Amino acid sequence: MAEAAAAALIKVIFEKLAVEAFKKYARSQNIHSELKQLGITLSHIQALLNDASHKEITHESVRLWLTSLQHLAYDIDDVLDDVATEAINRELNPESEASTSMVRKLIPTCCTNFSLSHRLSPKLDSITTQLQHLEKQKGDLGLIVKDEKPKNTSRRNETSLLESDVVGREGEREKLINKLLQDEPSKENFIIVPIVGMGGVGKTTMARILYNDTRVRDHFKLKAWVCVSDEFDIFKISETIYQSVAKKSKQFKYLNQLQVALGEELKDKRFLVVFDDVWNENYDDWENLVRPFHSRATGSRVIITTR
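Quick note: the sequence shown uses full-length UniProt numbering, first residue 1, plus one each step.
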């Protein structure tokens, strides 16, 4: 159980590290080498997880080792969120001017007298040192590199395994769940619930926990999850949502046809859509994307995690 949760977190971390816009900004802030070393060390530990999954059941020391790894993974996720949030703040506020764009409104202004490298390099070095310490323990724990287990566990199932591991963060989770479930007056039939500046746990991780919460599953008729990252392709995003809610794959030639079909699937149904890892700040793009969401069942929600 602990191994599955740790593996899910590490997968999220590597996905974030692979985003080109993230890597470009890290290089510009002189923290690319620290992140590269962290990734190398984490990949060495990842190779041990298959063996750890078999031994955690009977070896208490391995279970404790995995718990320590989980805590470090949460720390890494938070640092990466800091970097990504700073990146989008710099892009949107080059002269510290107020922004009117949708995504910029969701991101708090960050004011600091220190460079990102000055603030985060010590954290990254400390985390990498702790990871290296965990890696060195493999001999004492009898952990070896084995072939990976068959990848038949879906990302959604990985998410559900994380729910029991948000110890001490239940208050934050419950506040967000209340926002998803409670009735609020709104001009639109759907309400945006942003997840920004989440402390102690990565925003994507928290969004996944909310997405798989039993109360949320029971409340919404339809659900869809889209990882947006730096490629804001309205057609591809809409297609992913359509396939999730329609439970089928259908070819569309034009965006208008796709959005009409998506609107029909959403009609009179309460839905939840998660847009994860959002970089785009263009208001017109967002308006075009959510066009099928209008005039649907009251109480629908859209979660946005920003980077």
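Just so you know, even glycine gets a beta-carbon here, dropped at the ideal spot from N, CA and C.
Every value quoted in this text rests on a predicted model; they were computed, and no experiment measured them.
- Following the DSSP letters along the chain, one finds R301 in no alpha helix (DSSP H) but inside the beta strand (DSSP E) bounded by residues 300-306.
- According to DSSP, residue pairing for K223 in a beta bridge involves L272.
- When DSSP states are grouped into helix, strand and coil, S249 belongs to the coil group.
- Per DSSP, reduced to three states, the secondary structure at I144 is coil, with no helix or strand assignment.
- For I191, no alpha helix (DSSP H) segment is defined; the enclosing uninterrupted segment is the beta strand (DSSP E) at 190-195.
- For the options N288, I88, G139, K123, the alpha carbon positioned closest to that of L35 is the one of K123.
- With fewer than 16 other Cβ atoms inside 10 Å of its own Cβ, S28 counts as exposed.
- Boundaries of the alpha helix (DSSP H) harbouring N50: 49-55, taken from the DSSP string.
- Counting every other CB atom within 10 Å of its CB across the protein chains shown gives Q259 a total of 16 or more, marking it as buried.
- If you check the CB distance, S244 and A261 do not come in under 7 Å.
- Between the segment 3-12 and the segment 41-49 there are three or more inter-stretch CB-CB distances shorter than 8 Å, so the stretches are counted as touching.
- V145 and I40 have their alpha carbons spaced roughly 15 Å apart.
- Following the DSSP letters along the chain, one finds N212 inside the alpha helix (DSSP H) bounded by residues 203-212.
- DSSP places D183 outside both helix and strand once states are collapsed to three, so it counts as coil.
- By the criterion of a C-beta distance shorter than 7 Å, D82 is surrounded in its chain by L120, once the five residues flanking it on both sides are discounted.
- L180 is the residue among D268, W279, L180, R173 whose C-alpha sits nearest the C-alpha of R301.
- Contact annotation, Q132 with W65: C-beta distance approximately 14 Å; criterion of less than 8 Å not satisfied.
- Taking C-beta atoms as the reference points, P194 and I304 count as a pair closer than 7 Å.
- In terms of Cα proximity to K247, the closest of D233, L266, K253 is L266.
- Excluding its 5 nearest sequence neighbours in each direction, Q257 has no C-beta neighbour in its own chain below 6 Å.
- Around the Cβ of A26, a 10 Å sphere holds 16 or more other Cβ atoms; the residue is buried.
- Taking C-beta atoms as the reference points, T204 and V12 count as a pair closer than 7 Å.
- Between the C-alpha atoms of F275 and D78 there is a straight-line separation of about 19 Å.
- With 16 or more other Cβ atoms inside 10 Å of its own Cβ, E239 counts as buried.
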